[in-house]
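J.:
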Amino acid sequence: MIHLPRTACLLLVAIVTLRSHVEAGEVIDSVAALVTAVRDGAEGATIEIGPGTFELESPLEPKAGMTLKGAGLERTILTHTA
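Quick note: to get this note's numbering, add 653 to the position in the sequence shown (first position is 1).
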């Protein structure tokens, strides 16, 4: 087991949080980007999806605590392909 000083641990947490915050600020605008964001996103992440209709070929599998945040009622639509 590795023991780090408290300040090093706090710095590491701050860097990880800052990185997540920057990535969370990106607005998803395509099905491919949405699938990638959900697949590669961290547990508890918020994924912002822009307006539009996103036709998915397979179900999304969000991780624990993951939030998908659309642009508003009837502005962001997630549906399946025909």
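All residues carry an ideal CB built from backbone N, CA and C; glycine is no exception. It should be emphasised that the depicted structure is a prediction, and the values quoted were computed from it without experimental measurement.
Exposed or buried, which one is Pro712 when buried takes at least 16 other CB atoms within 10 Å?
T.: exposed
J.: Between Ile702 and Thr729, how many whole angstroms is the CB-CB distance? I'm expecting something under 8 Å.
T.: 5 Å
J.: Between Val691 and Ile681, what straight-line distance do the alpha-carbon atoms span, to the nearest angstrom?
T.: 11 Å
J.: Is it buried or exposed for His674, if we count other Cβ within 10 angstroms and need 16 for buried?
T.: Reliability fails at His674, whose pLDDT of 40 lies under 50, so the model's placement of it is uncertain and the value that follows must be treated cautiously. Exposed, since its Cβ has fewer than 16 Cβ neighbours within 10 Å.
J.: Leaving out the 5 sequence neighbours to the left and right, which residues in its chain are closer than 8 Å to His733 when beta-carbon positions are compared?
T.: Cβ neighbours of His733 beyond the five flanking positions: Glu708, Leu709 and Glu710.
J.: How would you label Thr694, buried or exposed, when you count the other beta carbons within 10 angstroms and need 16 or more for buried?
T.: Looking at the sequence itself, residue 694 is Gly, so the reference to Thr does not match. With 16 or more other Cβ atoms within 10 Å, it is buried.
J.: So what's Thr734 in DSSP terms, helix, strand or just coil?
T.: coil
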